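> Okay, handing you the structure first.
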Amino acid sequence: MSENYVPSSKFGKWFNDRLPLLTLSKHLTDYPTPKNLNYWWTFGGILTFCLISQIITGIVLGMHYVAHADMAFSSIEHIMRDVNYGWLIRYIHSNGASMFFLAVYIHIFRSLFYGSYRSPREIIWILGMLIYLLMMATAFMGYVLPWGQMSFWGATVITNLFSAIPLVGESIVTWLWGGYSVDNPTLTRFFSLHYLFPFLILGLVVLHIWALHVPGNNNPIGIDIKKPSKDTVPFHPYITIKDLFALLIFMTIFAGFIFFAPNILGHSDNYIEANPLVTPKHIVPEWYLLPFYAILRAVPDKLGGVVLMLGSIFILMALPWLDSSKVRSTVFRPLYKKFFWLLVIDVLALGYVGAMPAEGLYLLIARVGTIYYFAHFLIVLPVLSRIEKTEPVPLSISEPVLGGMLKPEMARSDRKDV
Amino acid sequence: MDKPEKKGNRRDFIFTASYTVGAIGIGATIWPLIDQMNPDSSVKALASTEVDISQIEPGKSVTVLWRGKPVFIKRRTQEEIAEAQSVSLDDLPHPEKDQDRVKNPEWLVMLGICTHLGCVPLSDKGEYNGWFCPCHGSHYDTSGRIRKGPAPTNMEIPKYAFVDDNTIKIG
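These protein sequence lines are chains A and B, in that order. Under my numbering, the first residue of the first sequence carries the number 303, and numbering increases by one thereafter. Under my numbering, the first residue of the second sequence carries the number 430, and numbering increases by one thereafter.
Have a look at this one:
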């Protein structure tokens, strides 16, 4: 990428001299990208699509939705029954939230596996975690807007988490509610913030991509590469077409949910209007929050549960400093690889028990799962990254391919026996 | 040497003074933006509710809405009163005498909100014949005191008074 970009057209040149916006276009064209990126790397593009899709459908829904405790529930039914294509737009939006989280979890676990959070990409990782936190807040407030039973009681339970804070907890909860319970003032402010947050996310996404384009993409073997070199390909057409193909597959699955099972990820209790006198028998959050909900319920103490639940998210921010392995990619960390997959199973298991009643075997699994979750990041990762003998890492992406068999003398390794 | 030092001190004073005034100004500007989220006058105006209790049979209860929250008004039977009063304070996670939770032992008036995360407990359920919260499994006794489960405290008693024999004013 040459620094002195000159647009070809006369107008382009005139414009770029005054606002060098077109200079950015090279980040979409000849931006050098590692040539071994696999399909796990397509989720960045997919997530951008999800955000834009949620913003567009959300703005449209906001034209028909009424943010008032007496009218919100029926305005949703109005959207579903009366508004032209209202059902489609709402199903895209509600299932879109689930697809967004599905993609973001794959994206996060991809970073975990290939060490994309490691130096020099810590800021990208932290920005990503902030995006994830904002996504959870946005999704939670969006779920409240239909003003069904799950909306109301989900809002009650989640806002009550703040009451666990000593001394000021109750005042904070009253402040969040704007009253003495979840009611109309709560609904209107959630609507306002639910509209705002996606644009904050958009701003963070711009920073996330900016920070990414400073060191460039990590890659499956996790080595630093020269750019541009025979290890890289231009972003266009190689990555654009690959991202687009993955996006089409993703959209096919997305459409499958919208047209064939639009309510499968929701909860039927949310088709009952909010009633402050009756709590549904079994309150569950949306599926993407279940692992954290399991951690909350695993602790038999109110403050302790809240602290561990928040800790389970914030611990991820410290990840770049908990992992001190010389090798980024888990591909070359045979022992850590096993623990990585154990973490994946652990999170899935926590998600499963989060949807089940907190008793008996489910509670036991939730407790063991919670202990492993924290042990993974606080014990396994720091210790293993210091003591594990890693496998030889190639010097370049091309070398193992073009040079035939991996030449031991060409490889960096901690092992003495190779 | 003395002179420049003195000048420096005067400048420091101006800096500190301007930062202070600036901070107070910013604080005074931000406060209305924060306080607007607190309960407004119309919400506070709904602070009290009067309830007619003449139709409630012993052993039955009614639930009324006060400040958007359910309030349980339970007319307890003699057995329930005896059970509530006979519990040793050592058995309670949040020790409170039943006598301190009621104005008239026959009538238990309390906020029907689980002190864990705010769900409405179900009446005549649970291991202590009182209330049971279905959300996260807290058990309350016939005095609304927490006995088992994640809730940290007993269910709250709101401010209330007997206006006459048949009317309770909550708030």
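Note that the Cβ used here is the ideal one computed from N, Cα and C, for glycine as well. Source: prediction; values computed, not measured.
(1) Are the C-beta atoms of A:Asn-338 and some chain B residue less than 9 Å apart?
(2) Can you tell me whether A:Lys-544 is helix, strand or coil according to DSSP?
(3) Mind listing the chain B neighbours of A:Asn-462? Cutoff is C-beta to C-beta under 7 Å, in chain order.
(4) Between B:Glu-479, B:Val-592 and B:Tyr-448, which has its C-alpha nearest B:Val-493's C-alpha?
(5) Touching or not, the region 386-393 of chain A and the region 435-443 of chain A, by the rule of three or more beta carbon pairs under 8 Å?
(6) Does DSSP put B:Lys-526 in a helix, a strand or coil?
(7) What residues of chain B sit near A:His-370, judged by a beta carbon separation below 7 Å?
(8) What residue does the beta strand (DSSP E) around A:Pro-536 start on, and which one ends it?
(9) Round the Cβ separation of A:Ala-513 and A:Ile-348 to the nearest angstrom and send it over; I've been treating them as touching at under 8 Å.
(10) State the DSSP-derived secondary structure class of A:Pro-684, mapped to helix, strand or coil.
(11) For A:His-538, collect the residues of the same chain with a Cβ closer than 7 Å to its Cβ; drop the 5 residues on either side in sequence, then sort them by chain order.
(12) Identify each residue in the region 603-619 of chain A for which the Cβ-Cβ distance to at least one residue of chain B is less than 9 Å, and report them in chain order.
(13) Within 8 Å: the Cβ of A:Met-438 and any heavy atom of the ligand MG?
(14) Go to B:Cys-562, then tell me how far its beta strand (DSSP E) extends in each direction, as first and last residue.
(15) Using the three-state DSSP reduction, which class does B:Asp-441 fall into: helix, strand or coil?
(16) Looking at the structure shown, is A:Lys-328 part of a helix, part of a strand, or coil, going by DSSP?
(17) Confirm, please, whether the CB-CB distance from A:Tyr-367 to A:Ile-378 is below 9 Å.
(18) Which two residues bound the contiguous beta strand (DSSP E) that contains B:Leu-494?
(19) Which residues, in chain order, does the region 456-470 of chain B contribute to contact with chain A at a C-beta distance below 9 Å?
(20) Give me the Cα-Cα distance between A:Ile-673 and A:Ala-660, rounded to the nearest whole angstrom.
(21) Would you say A:Thr-534 and A:Pro-336 are within 9 Å of each other, going by their C-beta atoms?
(22) Taking 6 Å as the limit between beta carbons, can you name the residues of its chain near A:Met-611, skipping five residues before and five after?
(23) Between the region 358-372 of chain A and the region 546-561 of chain A, do three or more beta carbon pairs fall short of 8 Å?
(24) Return the CA-CA distance between A:Asp-603 and A:Ser-396, expressed in angstroms with no decimal places.
(25) Going by CA-CA distance only, name the one from A:Trp-455, A:Trp-343 and A:Cys-352 that's closest to A:Glu-763.
(26) Cβ of A:Tyr-590 within 9 Å of Cβ of A:Ser-355?
(27) How many angstroms separate the CA atom of B:Asp-441 from the CA atom of A:Val-508?
(28) DSSP three-state call for A:Gly-606: helix, strand or coil?
(29) With a threshold of 9 Å between beta carbons, is B:Val-472 in contact with chain A?
(30) In the DSSP assignment, find the alpha helix (DSSP H) that holds A:Asp-625 and state where it starts and stops.
(31) Determine, using beta carbons only, whether B:His-565 comes closer than 9 Å to chain A.
(32) Do A:Phe-641 and A:Leu-584 have their beta-carbon atoms positioned less than 9 Å apart in this structure?
(33) Could you name the residues of the same chain whose beta carbon sits closer than 8 Å to that of A:Lys-315, not counting the 5 residues immediately before and after it, in chain order?
(34) Should A:Arg-491 be flagged as near chain B, meaning a C-beta pair shorter than 9 Å?
(35) Let's see if you can read the secondary structure: which residues bound the beta strand (DSSP E) around A:Met-452?
(36) Report yes if the CB atom of A:Gly-450 is closer than 9 Å to the CB atom of A:Asp-571, and no otherwise.
The answer reads as follows:
(1) Position 36 of the first sequence, counted from the first residue, corresponds to residue 338 of chain A. Cβ-Cβ to chain B under 9 Å: no for A:Asn-338.
(2) Stepping through the first sequence from its first residue, residue 544 of chain A is reached at position 242. Of the three classes helix, strand and coil, the one that applies to A:Lys-544 here is helix, per DSSP.
(3) Locating residue 462 of chain A in the first sequence gives position 160, counting from the first residue. Within chain B, the residues near A:Asn-462 are Leu-546 and Gly-547.
(4) Along the second sequence, read from residue 1 onward, the residue named residue 493 of chain B stands at position 64. With distances taken between Cα atoms, B:Val-493 lies closest to B:Glu-479.
(5) no
(6) Counting from 1 along the second sequence, the entry for residue 526 of chain B is found at position 97. DSSP places B:Lys-526 in coil when its eight states are reduced to three.
(7) Position 68 of the first sequence holds residue 370 of chain A. Correct list: empty, because the minimum Cβ distance to chain B is about 14 Å.
(8) Sequence index remark: in the first sequence, residue 536 of chain A carries index 234 (1-based). Counting along the chain, the beta strand (DSSP E) containing A:Pro-536 begins and ends at 534-536.
(9) One-based indexing of the first sequence puts residue 513 of chain A at position 211. One-based indexing of the first sequence puts residue 348 of chain A at position 46. That belief does not hold up - the Cβ atoms of A:Ala-513 and A:Ile-348 are roughly 19 Å apart, past 8 Å.
(10) Looking up residue 684 of chain A in the first sequence gives position 382. A:Pro-684 falls in the helix class under three-state DSSP.
(11) Here residue 538 of chain A is taken as the residue at index 236 of the first sequence, counted from 1. Leu-330 and Thr-331, listed in sequence order.
(12) Asp-603, Lys-604, Leu-605 and Gly-607
(13) Within the structure as shown, the ligand MG is missing, as the structure has no ligands at all.
(14) If you number the second sequence from 1, residue 562 of chain B lands on position 133. Its beta strand (DSSP E) spans residues 560-562.
(15) The residue labelled residue 441 of chain B in the question sits at position 12 within the second sequence. In this structure, B:Asp-441 counts as helix in the three-state DSSP scheme.
(16) One-based indexing of the first sequence puts residue 328 of chain A at position 26. Reduced to three states, the DSSP call for A:Lys-328 is helix.
(17) Position 76 of the first sequence holds residue 378 of chain A. Position 65 of the first sequence holds residue 367 of chain A. In contact: A:Ile-378 and A:Tyr-367 (Cβ atoms closer than 9 Å).
(18) If you number the second sequence from 1, residue 494 of chain B lands on position 65. Run containing B:Leu-494: 490-495, per the beta strand (DSSP E) assignment.
(19) Ile-463, Asp-464, Gln-465, Met-466, Asn-467, Pro-468 and Asp-469
(20) The residue you call residue 673 of chain A lines up with position 371 of the first sequence. The residue you call residue 660 of chain A lines up with position 358 of the first sequence. Using only the alpha carbons, I get a separation of about 16 Å.
(21) Residue 534 of chain A sits at position 232 when you count from the first residue of the first sequence. Residue 336 of chain A sits at position 34 when you count from the first residue of the first sequence. Taking 9 Å as the Cβ cut-off, A:Thr-534 and A:Pro-336 qualify as a contacting pair.
(22) By 1-based counting over the first sequence, the position of residue 611 of chain A is 309. For A:Met-611, where only same-chain residues beyond five positions count, the Cβ hits under 6 Å are Phe-594, Ile-597 and Leu-598.
(23) no
(24) If you number the first sequence from 1, residue 603 of chain A lands on position 301. If you number the first sequence from 1, residue 396 of chain A lands on position 94. A:Asp-603 and A:Ser-396: Cα-Cα distance of roughly 33 Å.
(25) The shown model of chain A, from 303 to 720, leaves out residue 763 of chain A, and the question about it has no answer.
(26) Reading the first sequence from its first residue, position 288 is the one you call residue 590 of chain A. Reading the first sequence from its first residue, position 53 is the one you call residue 355 of chain A. Against a cut-off of 9 Å, the Cβ pair of A:Ser-355 and A:Tyr-590 comes out as no contact.
(27) Against the second sequence, residue 441 of chain B aligns to sequence position 12. Against the first sequence, residue 508 of chain A aligns to sequence position 206. The straight-line gap from Cα to Cα measures roughly 40 Å.
(28) Locating residue 606 of chain A in the first sequence gives position 304, where the first residue counts as 1. Note: A:Gly-606 maps to helix in three-state DSSP.
(29) To locate residue 472 of chain B, count along the second sequence from 1; it is residue 43. Yes, B:Val-472 counts as interfacial toward chain A.
(30) Residue 625 of chain A sits at position 323 when you count from the first residue of the first sequence. Run containing A:Asp-625: none; DSSP gives neither H nor E here.
(31) Walking along the second sequence from the start, residue 565 of chain B turns up at place 136. B:His-565 counts as touching chain A.
(32) Reading the first sequence from its first residue, position 282 is the one you call residue 584 of chain A. Reading the first sequence from its first residue, position 339 is the one you call residue 641 of chain A. The residue asked about is misnamed: residue 584 of chain A is His in this sequence, not Leu. The answer is no: Cβ separation not under 9 Å.
(33) Residue 315 of chain A sits at position 13 when you count from the first residue of the first sequence. Around A:Lys-315: Val-308 and Pro-309.
(34) Position 189 of the first sequence, counted from the first residue, corresponds to residue 491 of chain A. For A:Arg-491, the answer is yes, since a Cβ of chain B falls inside 9 Å of its Cβ.
(35) For the purposes of this step, residue 452 of chain A is identified with residue 150 of the first sequence, where counting begins at 1. No beta strand (DSSP E) contains A:Met-452, which is instead part of the alpha helix (DSSP H) from 451-462.
(36) Taking the first residue of the first sequence as position 1, residue 450 of chain A is located at position 148. Taking the first residue of the first sequence as position 1, residue 571 of chain A is located at position 269. For A:Gly-450 and A:Asp-571, yes; Cβs fall inside 9 Å.
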